[in-house]
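Enquirer:
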Amino acid sequence: MRPMQLQKLPLLRPFSTTTVKPPPLKSLPATATAVANLVLTTEDPKALSKTLLTSPDFTFSEPLVNQTLKLLWNHGPKALQFFTILDNHLHYAHSLSSFHHAIDISARLRDITTLWILVTRLRSRRLGPTPLTFAIIIERYVLSGKPDKAVEIFLSMHKHGCQQDLNSFNTLLDILCKSKRVEKAHNLFKLLRGKFGADVVSYNVIANGWCLIKRTPKALEVLKEMVERGFNPTLITYNIILKGYFRTGQTKEAWLFFKEMKKRSCEMDVVTYTTLVHGFGVLGEVSKARRLFDEMVGEGVLPNTATYNAMIQVLCKKDSVENAIVLFEEMGRKGYVPNSVTYNLLIRGLCHAGEMDRAMKFVELMKNDGCHPNVQTCNLLIKYYCEVGEIEKGLEVFDLMGSWRCLPNKDTYNILISSTFVRKKPEDLVAAGRLLIEMVDRGFLPTKFTFNRVMNGLLVTGNQAFAREILQLQSKRGLLPRHFRL
DNA sequence: GGAACGAGGA
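Under UniProt numbering, the very last position in the first sequence is 486; numbers go up by exactly one each time.
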């Protein structure tokens, strides 16, 4: 097996020859790539600083800086170095959005010192912090398993010069709910609703939270309570409940609820129908899904891309890819624009049917259609190639990711690493070790399980030296979950 | 890249 190497950033390849998009900002991605490569390849900080601050080749602007930071997303420390150097530029001052990128990156690296330095600087520049700044910080804290700390930060926002209001309160509740900490969100809601004057949105957020963790009865309680307190549920509220029923597999209740909505002449929208099509379909009631899909226009509701995607998924899962492709073609004829979700669904469907070659043809079609393959496209291709034992092909896709401008994520590495355990070849495990190192290097934290698995694999196949190296990495970086601190 | 609902995930 060939050695794994760090992926290079996408090189200059601004436009595919098959698309005919006029490029108004075409120099921008190119310049961002050049800046990112410069940052990555210049070892000496002083030299980098000098080039960035004095070179006439670069005219920094907010979009250029943001693009560069995005390209450096997998190289957090380098990204922050770039941000800090540029902060001393004589003719360029960072904007709020660039600060937000930098804050997000430092939070992701769990570098709280830098994080709060940036917030303080934002304040001294009178650019912020804004509610969005705190939404970013709070979300990162919640994602790293510190919801209490996140709440504490919310409650201390005003000390940083940003007053809490109903919007930011609802955002906090939503972040907690989306990370499945619904109980905590609900308690906080009950505690502080008086203070912030909770509204329909607050109730919707909490009801949706309960539905997300499949506790639809609790969502119904919230609905009942909001009515008792004089708030009128909206269509969004009803759509939330409807989806809740499908999440718990209660198709009967969903249907009754829908009929009740109709009876009360509630205005349905495209979200309602998309929920129904998807809900019935994935639960096996394909013909009912199809009927709703066909009849919605008669009810005065036009489908959109999401609706088509729902129907396509249903056909892929419960009918056949071929029929899904028929619908996809019909969709194009009717003028609906497929997006990357559409393509990913069809590609997955083809992979699942064992048609890897046709799946790759759809990837080409996707690109020609101006839809870039994204991480999910790559991950699913890699997964299926590895599953059928073509690890080399999976690695090929991995290597192609750079030229497709998509960055590998934690899942990409996990898929590839797990696949190396199938054949039990010593060289596969060495590859796993390299991937693990690269993964850590890019700021993705492997689980203890992954570490141990790779290490055991190396020990069993006689790679003692490499195993020791991995162990050192593990302890040096303090990467065991119990050492995590944000 | 932002207050709430629908369509790709081990």
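Each residue gets a CB set at the ideal place from its N, CA and C atoms; glycine is no exception. Computed from a predicted model, the values in this text were never measured in an experiment.
1. Whose CA, out of 222, 148 and 77, lies closest to the CA of residue 43?
2. What residue from 203, 244, 211 and 355 has the CA that sits closest to residue 229's CA?
3. Jot down the residue ranges of each uninterrupted alpha helix (DSSP H) in the region 349-415, minimum 4 residues, whole runs only, in chain order.
4. According to the neighbour-count rule (16 or more other Cβ atoms, all chains shown, within 10 Å of its Cβ), is residue 433 buried or exposed?
5. Could you tell me the alpha carbon to alpha carbon distance between residue 50 and residue 474, rounded to whole angstroms?
6. Since residue 101 is in the alpha helix (DSSP H), which residue starts that stretch and which ends it?
7. Mapping the DSSP letters down to three states, classify residue 303 as helix, strand or coil.
8. Enumerated in chain order, which unbroken segments of the beta strand (DSSP E) with a length of 3 residues or greater are wholly contained in the region 109-162?
9. Could you give the distance in angstroms between the alpha-carbon of residue 172 and the alpha-carbon of residue 310?
10. Is residue 67 helix, strand or coil by DSSP?
11. For residue 466, is the classification buried or exposed, using 16 other Cβ atoms within 10 angstroms of its Cβ as the cut-off for buried?
12. I'd like the list of long-range same chain contacts for residue 95, defined as Cβ closer than 7 Å, with 5 residues on each side in sequence excluded.
13. Report back the beta-carbon spacing between residue 213 and residue 180 to the nearest angstrom; my notes put them in contact at under 8 Å.
14. Among 336, 312 and 317, whose alpha-carbon lies nearest the alpha-carbon of residue 326?
15. For residue 294, count neighbouring C-beta atoms within 10 Å of its own C-beta (all shown protein chains included) and say buried if the count is 16 or more, exposed if not.
16. Straight-line CA distance for residue 166 to residue 242?
17. Note down, one range per segment and in chain order, each beta strand (DSSP E) of at least 3 residues found wholly within the region 164-215.
18. Secondary structure at residue 255, three-state DSSP: helix, strand or coil?
19. With a threshold of 6 Å on Cβ separation, who are the neighbours of residue 440 within its own chain once the five nearest residues in sequence on each side are excluded?
20. So what does DSSP say about residue 29, is it helix, strand or coil?
21. Give the C-beta separation of residue 129 and residue 119 to the nearest angstrom, bearing in mind that I take them to be a contact with Cβ-Cβ under 8 Å.
22. Shortest alpha-carbon distance to residue 70 belongs to which of 275, 307, 391 and 98?
23. Applying the criterion that 16 or more other CB atoms from any shown protein chain within 10 Å of the CB defines a buried residue, is residue 88 buried or exposed?
24. Between which two residues does the alpha helix (DSSP H) holding residue 235 run?
25. Using the Cα positions of residue 448 and residue 221, report the straight-line distance between them to the nearest angstrom.
26. Please state whether the Cβ-Cβ distance between residue 351 and residue 315 is less than 8 Å.
27. Residue 426 and residue 461: beta carbons closer than 8 Å?
28. Taking DSSP as the reference, what is the three-state secondary structure of residue 55?
29. Over the uninterrupted alpha helix (DSSP H) stretch that includes residue 287, give me the two end residues.
30. Would you please state the rounded distance, in angstroms, between the beta carbons of residue 369 and residue 338? I believe it to be under 8 Å.
31. Checking 8 Å against the spacing of the C-beta atoms, do residue 248 and residue 275 come in under that value?
32. List the endpoints of the continuous alpha helix (DSSP H) containing residue 427.
33. Applying the 10 Å Cβ sphere with the 16-neighbour rule, what's the burial state of residue 187?
Expert: So, from the data block:
1. Comparing Cα positions, the closest option is 77.
2. Checked all of 203, 244, 211 and 355; the closest Cα to residue 229 is 203.
3. Qualifying alpha helix (DSSP H) stretches, in chain order: 356-368, 375-387 and 391-400.
4. Counting C-beta atoms within 10 angstroms of its own C-beta, residue 433 has 16 or more neighbours from the protein chains shown and is therefore classed as buried.
5. Within the model, the alpha-carbon separation for residue 50 versus residue 474 is close to 35 Å.
6. Counting along the chain, the alpha helix (DSSP H) containing residue 101 begins and ends at 96-108.
7. Coil.
8. Listed in chain order, there is nothing to give.
9. When rounded, the distance between both Cα atoms is 30 Å.
10. In the structure shown, residue 67 sits in a helix (DSSP, three-state: H, G or I).
11. Residue 466 sits buried, since 16 or more C-beta atoms from the chains shown fall within 10 Å of its C-beta.
12. So the list reads 62, once near-sequence residues are dropped.
13. Yes, residue 213 and residue 180 are in contact; Cβ-Cβ is about 6 Å, under 8 Å.
14. Of 336, 312 and 317, the residue nearest in Cα terms is 312.
15. Result: exposed.
16. Rounded to whole angstroms, residue 166 to residue 242 spans 26 Å at the Cα level.
17. With a minimum length of 3 residues, no continuous beta strand (DSSP E) run stays inside the region 164-215.
18. In the displayed model, residue 255 falls within a helix according to three-state DSSP.
19. If the five residues before and after residue 440 are omitted, its C-beta is found closer than 6 Å to no C-beta atom of its own chain.
20. In this structure, DSSP gives residue 29 a helical state, which the three-state scheme calls helix.
21. Contact flag correct, Cβ pair sits at about 5 Å.
22. Answer by Cα proximity: 98.
23. That one is exposed.
24. From DSSP, the alpha helix (DSSP H) with residue 235 extends over 235-247.
25. For residue 448 and residue 221, the distance between alpha carbons rounds to 40 Å.
26. Against a cut-off of 8 Å, the Cβ pair of residue 315 and residue 351 comes out as no contact.
27. In this structure, residue 426 places its C-beta atom within 8 Å of the C-beta atom of residue 461.
28. DSSP, read as helix, strand or coil, puts residue 55 in coil.
29. Its alpha helix (DSSP H) spans residues 286-295.
30. Confirmed, about 7 Å.
31. Cβ atoms of residue 248 and residue 275: not closer than 8 Å.
32. Per DSSP, residue 427 is one residue of the alpha helix (DSSP H) stretching across 426-441.
33. Classification of residue 187: exposed, given that the 10 Å Cβ count is below 16.
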